[in-house]
């Protein structure tokens with residue numbers, strides 16, 4: 001801890017709920033879980049700090065997640081429908097199935113909640129999510145910190161989804177493989193079309209040569225026929 005010249009450095013000391021806590025600096029990171037306290041001045045006065053849970057922000061985050069998830073489900077349906085761009089593509093079906101599995105997988109290390117469905121989230125038979133705010137309010141009363149752990153913990157839902165999506169969208173992910181496969185397919189199709197066009201040009205030239213020769217022979221035959229008609233007419 002910094003002290004004026006000539007004074008011996010001493011630890012900063014604060015008292016929280018009757019417990020004295022020391023720090024080599026003016027910052028206390030472990031006095032209260034989730035809070036960082038900075039001592040700005042020396043005082044013997046008691047300061048009361050009220051800490052409340054930011055329920056609104058957490059609820060908005062979950063609702064935004066639900067909206068994004070539903071938009072993704074709709075995009076999957078549009079992209080894989082009959083005659084759609086990715087009609088019959090198994091990778092998209094596997095991704096959607098894996099996402100649903102991650103949502104439904106129970107997590108035993110997140111306190112009283114095991115899945116996002118314990119927080120008021122529901123899924124219908126079409127795979128779309130909805131939100132029950134009343135059930136979420138009850139969940140907050142049961143354990144706000146467990147909600148945070150479930151959603152953002154080291155083994156929480158957010159990390160699991162990030163790992164899953166990275167397998168698809170990362171540098172070596174499946175979507176890049178799909179892009180390369182589609183690109184190769186397009187290149188192959190273009191090459192076949194070019195070969196077909198070349199063959200058609202050669203075939204056209206061959207037919208033109210044949211018809212040119214046929215025209216010549218027909219002209220000769222007509223000339224011979226006219227000559228025979230003239231001879232026969234004179235007999």
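In my numbering, the protein residues as written are 1 to 235.
Each residue gets a CB set at the ideal place from its N, CA and C atoms; glycine is no exception.
Alpha carbon of residue i to alpha carbon of residue j, nearest angstrom
| i | j | result |
| --- | --- | --- |
| residue 192 | residue 180 | 18 angstroms |
| residue 2 | residue 28 | Per-residue confidence for residue 2 stands at a pLDDT of 45, beneath the threshold of 50, marking its modelled position as unreliable; the derived number appears in the next sentence. Those two C-alpha atoms are separated by around 15 angstroms. |
| residue 201 | residue 128 | 54 angstroms |
| residue 109 | residue 63 | 23 angstroms |
| residue 87 | residue 93 | 10 angstroms |
| residue 169 | residue 13 | 49 angstroms |
| residue 19 | residue 55 | 29 angstroms |
| residue 71 | residue 96 | 12 angstroms |
| residue 81 | residue 99 | 19 angstroms |
| residue 5 | residue 22 | Here the model assigns residue 5 a pLDDT of 47, short of 50, so the residue's position is not dependable and the matter cannot be decided. |
| residue 104 | residue 73 | 16 angstroms |
| residue 66 | residue 124 | 13 angstroms |
| residue 184 | residue 89 | 16 angstroms |
| residue 142 | residue 59 | 15 angstroms |
| residue 221 | residue 205 | 24 angstroms |
| residue 216 | residue 230 | 21 angstroms |
| residue 207 | residue 91 | 48 angstroms |
| residue 138 | residue 148 | 15 angstroms |
| residue 83 | residue 155 | 39 angstroms |
| residue 198 | residue 126 | 50 angstroms |
| residue 36 | residue 153 | 19 angstroms |
| residue 44 | residue 11 | 16 angstroms |
| residue 61 | residue 195 | 55 angstroms |
| residue 144 | residue 187 | 54 angstroms |
| residue 159 | residue 24 | 34 angstroms |
First through last residue of the alpha helix (DSSP H) which encompasses residue i
| i | result |
| --- | --- |
| residue 147 | 133-152 |
| residue 23 | Per DSSP, residue 23 belongs to no alpha helix (DSSP H); it is in the beta strand (DSSP E), 19-23. |
| residue 158 | 157-169 |
DSSP beta-bridge partners of residue i
| i | result |
| --- | --- |
| residue 60 | None, per the DSSP bridge assignment. |
| residue 28 | 37 |
Cβ-Cβ distance between residue i and residue j below 8 angstroms
| i | j | result |
| --- | --- | --- |
| residue 78 | residue 164 | no |
| residue 119 | residue 136 | yes |
| residue 133 | residue 122 | no |
| residue 111 | residue 146 | yes |
| residue 42 | residue 16 | no |
| residue 237 | residue 116 | In the structure as shown, the chain begins at 1 and stops at 235. Residue 237 is therefore absent and cannot be evaluated. |
| residue 150 | residue 107 | yes |
Extent of the continuous beta strand (DSSP E) run through residue i
| i | result |
| --- | --- |
| residue 15 | 12-16 |
Near the ligand MG: residue i beta-carbon under 7 angstroms from a heavy atom
| i | result |
| --- | --- |
| residue 12 | This structure lacks the ligand MG, and indeed carries no ligand of any kind. |
Practice prompt. Identify every run of the alpha helix (DSSP H) within the region 98-131, keeping only runs that are complete inside it and at least 4 residues long; order them along the chain.
Written response: none
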